[in-house]
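Participant: Our numbering applies: residue 1 is where the sequence shown begins, and numbers increase by one.
By construction, the Cβ of each residue, glycine as well, lies at the ideal position given by its N, Cα and C atoms.
The structure's right below; bear with me while I get my questions together.
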Amino acid sequence: MVGSIVYGWRGSGAITGIFKACGVMQSMDNGPIEQYSRAFAELKRASGKGGAKAPHKPVLLLTILAEIEFGRLDQNRIELTEELISAFHLMWQALVTDTQWVPQIVMPFIRLASEGFWHLRQGNTELERTELIQNEKSVVRTQRAIEYARFDPQLWQLMMNHLNRKILKQVLVDTYFVERRDALEAVSNVVPVDSQIERLIELAATPFRRSVKPLEKSEDDMVYLRNRLFPKVIKNIYRAECAVCGITVNDSRSNYVVLDAAHIMDYSVFHNDDPRNGIALCKNHHAGFDSGCFSISAEYRLIVNAKARVPVEYAKQGTPIRMPEVHTCAPAQDALAWHRNHKLR
Ligand SMILES: [Zn+2]
1 MVGSIVYGWR
11 GSGAITGIFK
21 ACGVMQSMDN
31 GPIEQYSRAF
41 AELKRASGKG
51 GAKAPHKPVL
61 LLTILAEIEF
71 GRLDQNRIEL
81 TEELISAFHL
91 MWQALVTDTQ
101 WVPQIVMPFI
111 RLASEGFWHL
121 RQGNTELERT
131 ELIQNEKSVV
141 RTQRAIEYAR
151 FDPQLWQLMM
161 NHLNRKILKQ
171 VLVDTYFVER
181 RDALEAVSNV
191 VPVDSQIERL
201 IELAATPFRR
211 SVKPLEKSED
221 DMVYLRNRLF
231 PKVIKNIYRA
241 ECAVCGITVN
251 DSRSNYVVLD
261 AAHIMDYSVF
271 HNDDPRNGIA
281 LCKNHHAGFD
291 SGCFSISAEY
301 RLIVNAKARV
311 PVEYAKQGTP
321 IRMPEVHTCA
331 PAQDALAWHR
341 NHKLR
């Protein structure tokens with residue numbers, strides 16, 4: 001008996017079909033999940049060119065459902081972490097083919113608050129809509145303004161159940177991305193952070209930029225991810241070995257305890273987290289590199305600072321460094337030249 005609920009989306013047949021497909025008999029007990037199914041199917045979305053509607057909100061909701069499904073999210077406290085942003089971008093790549101939309105997580109993260117089931121919090125206070133900047137796009141600025149988001153407790157409880165997640169996912173896919181269903185299944189085995197590390201490595205094939213904006217001023221999610229994932233990207237491409245001495249020390253939890261991801265051009269000046277501005281160094285060699293005990297030539301060989309007393313066991317003039325396994329991620333010549341000019345003094 002669902003006669004008391006009037007469905008405004010594609011007739012009541014749509015939800016009946018989804019419930020049937022998910023193996024659920026319709027009954028009075030299904031009231032709350034039906035209500036939220038309807039809310040998920042009627043998301044308010046911005047209009048774009050050619051009558052298209054913004055995909056951000058359904059992409060974020062599908063992302064969160066997947067993160068719960070794979071055990072990466074188990075608290076009704078949704079924060080803008082690099083894990084969530086990576087997962088959002090993976091979902092976006094799978095579902096959104098219309099290039100007029102820019103994948104920015106902040107937009108749905110803030111605007112979902114207008115749907116009634118998503119609440120933005122700072123400490124114990126719920127933020128009023130008037131306090132929110134509707135056009136904010138920077139991850140860092142949003143993190144400062146909003147500590148976390150949470151769902152209605154009743155909706156969160158429902159989402160803890162696999163069958164309910166299946167229903168809500170089906171509603172979102174059928175309503176917004178029905179032709180991309182197969183693509184969604186294809187990414188279900190991918191770990192989002194790993195896929196974004198791969199993507200950042202691929203992006204290193206584009207021209208090297210000497211400078212980028214400070215993180216808080218950037219409105220590009222990938223700049224934020226590049227910053228947060230920089231250590232993982234660098235350790236990954238250098239096989240977790242120091243580029244000078246090759247040492248690798250892995251504790252039992254796969255933490256490379258003596259290895260750093262060093263910036264070649266100072267981060268505080270250039271804000272450049274391009275993998276080609278990075279090099280994996282052990283803590284000893286990181287300290288010596290930053291203070292100019294040695295640098296690296298255009299041929300990727302060590303140049304020992306003639307003014308420093310450097311033992312040969314630490315750095316030997318002319319020794320080739322260990323190169324990253326992805327050749328497009330080799331240290332940029334611009335970055336090495338900057339290091340030689342500014343540190344070898
Ligand atoms: Zn070393």
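Look at the alpha carbon of residue 249 and the alpha carbon of residue 242, and state the distance between them as a whole number of angstroms.
Facilitator: Position 249 of the sequence shown, counted from the start, is the residue given in the question as residue 249. Position 242 of the sequence shown, counted from the start, is the residue given in the question as residue 242. Going from the Cα of residue 249 to the Cα of residue 242 covers about 10 angstroms.
Participant: How would you call residue 106, buried or exposed, if buried means at least 16 neighbouring beta carbons within 10 angstroms?
Facilitator: In the sequence shown, counting from the first residue as 1, residue 106 sits at position 106. Classification for residue 106: buried.
Participant: Cα separation between residue 54 and residue 98?
Facilitator: As a working note, residue 54 is residue 54 in the sequence shown. As a working note, residue 98 is residue 98 in the sequence shown. Each residue's Cα considered, the two are about 10 angstroms apart.
Participant: Can you list, in chain order, the residues of its chain with a C-beta nearer than 6 angstroms to that of residue 336? Leave out the 5 residues immediately preceding and following it.
Facilitator: Position 336 of the sequence shown holds residue 336. Sequence-distant Cβ neighbours of residue 336 in its own chain, meaning closer than 6 angstroms and more than five residues away, are 296.
Participant: Would you kindly check if the distance between the Cβ of residue 246 and the Cβ of residue 345 is under 7 angstroms?
Facilitator: As a first step, residue 345 is located in the sequence shown; it is residue number 345 there, counting from the start. As a first step, residue 246 is located in the sequence shown; it is residue number 246 there, counting from the start. Going by C-beta atoms, residue 345 is not nearer than 7 angstroms to residue 246.
Participant: Based on DSSP bridge pairs, tell me the residues matched to residue 278.
Facilitator: Residue 278 sits at position 278 when you count from the first residue of the sequence shown. According to DSSP, which records beta bridges pairwise, residue 278 is partnered with 263.
Participant: May I ask you to check if the CB of residue 244 is nearer than 6 angstroms to at least one heavy atom of ligand 1?
Facilitator: In the sequence shown, counting from the first residue as 1, residue 244 sits at position 244. Yes - ligand 1 has a heavy atom lying nearer than 6 angstroms to the Cβ of residue 244.
Participant: Leaving aside the five residues before and after residue 146 along the sequence, list all residues of the same chain whose C-beta is less than 6 angstroms from its C-beta, in chain order.
Facilitator: Here residue 146 is taken as the residue at index 146 of the sequence shown, counted from 1. The residues are 120.
Participant: Buried or exposed, going by whether 16 or more other CB atoms sit within 10 Å of the CB of residue 350?
Facilitator: An answer regarding residue 350 cannot be provided, because it is not within the stretch 1 to 345 covered by the chain.
Participant: To the nearest angstrom, report how far apart residue 277 and residue 263 are at their CA atoms.
Facilitator: As a first step, residue 277 must be located in the sequence shown, where it is residue number 277. As a first step, residue 263 must be located in the sequence shown, where it is residue number 263. So the two alpha carbons sit approximately 6 angstroms from each other.
Participant: Indicate the three-state DSSP secondary structure (helix, strand or coil) for residue 145 in the structure shown.
Facilitator: Here the question's residue 145 lines up with position 145 in the sequence shown. Correct three-state label for residue 145: helix.
Participant: In its own chain, which residues sit with a C-beta less than 8 angstroms from the C-beta of residue 304, not counting the 5 before and 5 after it?
Facilitator: Position 304 of the sequence shown, counting from 1, holds the residue named residue 304. So the list reads 293, 294, 310, 315, 316 and 317, once near-sequence residues are dropped.
Participant: Could you give the C-beta distance for residue 18 and residue 170, rounded to a whole number, given that I count them as a contact under 8 angstroms?
Facilitator: Along the sequence shown, read from residue 1 onward, the residue named residue 18 stands at position 18. Along the sequence shown, read from residue 1 onward, the residue named residue 170 stands at position 170. With a contact defined as Cβ atoms closer than 8 angstroms, residue 18 and residue 170 qualify at about 5 angstroms.
Participant: Might you give, ordered along the chain, the residues of its own chain that have their beta carbon closer than 8 angstroms to the beta carbon of residue 235, omitting 5 neighbours on each side?
Facilitator: Along the sequence shown, read from residue 1 onward, the residue named residue 235 stands at position 235. So the qualifying residues of the chain are 256, 259, 261 and 280.
Participant: Can residue 361 and residue 103 be called in contact, C-beta distance under 7 angstroms?
Facilitator: Because residue 361 is not part of the residues shown, which for the chain are 1 to 345, the question remains open.
Participant: What does the alpha-carbon distance come out to for the pair residue 275 and residue 39?
Facilitator: Here residue 275 refers to the residue found at position 275 when the sequence shown is read from its first residue. Here residue 39 refers to the residue found at position 39 when the sequence shown is read from its first residue. Approximately 42 angstroms, taken between the alpha carbons.
Participant: Where residue 8 and residue 96 are concerned, what is the direct C-alpha to C-alpha distance, given to the nearest angstrom?
Facilitator: Position 8 of the sequence shown, counting from 1, holds the residue named residue 8. Position 96 of the sequence shown, counting from 1, holds the residue named residue 96. Note that residue 8 scores a pLDDT of 43, beneath 50, so its modelled location is shaky; the value from the coordinates is reported in the next line. Between residue 8 and residue 96, the C-alpha separation is close to 25 angstroms.
Participant: Within a Cβ cutoff of 7 angstroms, which residues of the same chain sit near residue 183, ignoring the five residues on either side of it in sequence?
Facilitator: As a working note, residue 183 is residue 183 in the sequence shown. In chain order, 94 and 95 place their CB closer than 7 angstroms to the CB of residue 183, counting only its own chain and leaving out the 5 sequence neighbours on each side.
Participant: Can you tell me where the beta strand (DSSP E) with residue 294 in it begins and where it stops?
Facilitator: Here residue 294 refers to the residue found at position 294 of the sequence shown. That run of the beta strand (DSSP E) goes 294-296.
Participant: Does the distance from the CB of residue 57 to the CB of residue 112 come in under 7 angstroms?
Facilitator: Translated into positions along the sequence shown, residue 57 becomes position 57. Translated into positions along the sequence shown, residue 112 becomes position 112. For residue 57 and residue 112, yes; Cβs fall inside 7 angstroms.
Participant: When DSSP labels each residue in this structure, what does residue 185 get in the three-state scheme?
Facilitator: For this step, residue 185 is matched to residue 185 along the sequence shown. Residue 185 falls in the helix class under three-state DSSP.
Participant: Thinking C-alpha only, which one of 177, 73 and 160 is nearest residue 92?
Facilitator: Here residue 92 refers to the residue found at position 92 of the sequence shown. For residue 92, the nearest C-alpha among the options comes from 177.
Participant: If you drop the 5 nearest sequence neighbours on each side, which residues of the same chain put their C-beta closer than 7 angstroms to that of residue 11?
Facilitator: As a first step, residue 11 is located in the sequence shown; it is residue number 11 there, counting from the start. Reliability of the predicted coordinates at residue 11 is poor, the pLDDT of 48 falling under 50, and the value obtained from them is presented with this limitation in mind. Hits under 7 angstroms: none found.
Participant: Give me the Cβ distance between residue 68 and residue 165, rounded to the nearest whole Å; I'm assuming they're in contact under 8 angstroms.
Facilitator: Counting from 1 along the sequence shown, the entry for residue 68 is found at position 68. Counting from 1 along the sequence shown, the entry for residue 165 is found at position 165. About 6 angstroms; that satisfies the 8 angstroms criterion.
Participant: Measure the C-alpha to C-alpha separation of residue 124 and residue 141 and round it to an integer number of angstroms.
Facilitator: Taking the sequence shown and counting its residues from 1, one reaches residue 124 at position 124. Taking the sequence shown and counting its residues from 1, one reaches residue 141 at position 141. Residue 124 and residue 141: Cα-Cα distance of roughly 19 angstroms.
Participant: State the Cα-Cα distance for the pair residue 154 and residue 161, rounded to the nearest angstrom.
Facilitator: Here residue 154 refers to the residue found at position 154 when the sequence shown is read from its first residue. Here residue 161 refers to the residue found at position 161 when the sequence shown is read from its first residue. Computed Cα separation, rounded: 12 angstroms.
Participant: Do the CB positions of residue 47 and residue 196 come within less than 7 angstroms of each other?
Facilitator: Here residue 47 refers to the residue found at position 47 when the sequence shown is read from its first residue. Here residue 196 refers to the residue found at position 196 when the sequence shown is read from its first residue. No, Cβ-Cβ distance for residue 47 and residue 196 is not below 7 angstroms.
Participant: List in chain order: all unbroken alpha helix (DSSP H) runs of 4+ residues lying wholly within the segment 177-257.
Facilitator: 181-186, 192-203 and 221-237
Participant: Have a look at residue 135 and residue 252 and give me their C-alpha separation to the nearest angstrom.
Facilitator: Indexing the sequence shown from 1 puts residue 135 at position 135. Indexing the sequence shown from 1 puts residue 252 at position 252. So the alpha carbons of these two residues sit roughly 45 angstroms apart.
Participant: Under 8 angstroms by Cβ, that's how I've got residue 230 and residue 273 pegged, so tell me the actual separation to the nearest angstrom.
Facilitator: Position 230 of the sequence shown, counting from 1, holds the residue named residue 230. Position 273 of the sequence shown, counting from 1, holds the residue named residue 273. Indeed, because the Cβ distance is near 4 angstroms, the residues count as touching under 8 angstroms.
Participant: Beta strand (DSSP E) containing residue 304: first to last residue?
Facilitator: Here residue 304 corresponds to residue number 304 of the sequence shown, with the count starting at 1. Element bounds for residue 304: 302-304.
Participant: Measure from the alpha carbon of residue 222 to the alpha carbon of each residue in 75, 49, 173 and 137, then state which is nearest.
Facilitator: Counting from 1 along the sequence shown, the entry for residue 222 is found at position 222. Residue 222 has its Cα closest to that of 137, out of 75, 49, 173 and 137.
Participant: Checking the sheet assignment: what are the DSSP bridge partners for residue 78?
Facilitator: Here residue 78 is taken as the residue at index 78 of the sequence shown, counted from 1. In the DSSP output, where bridge partners are listed per residue, residue 78 has 149.
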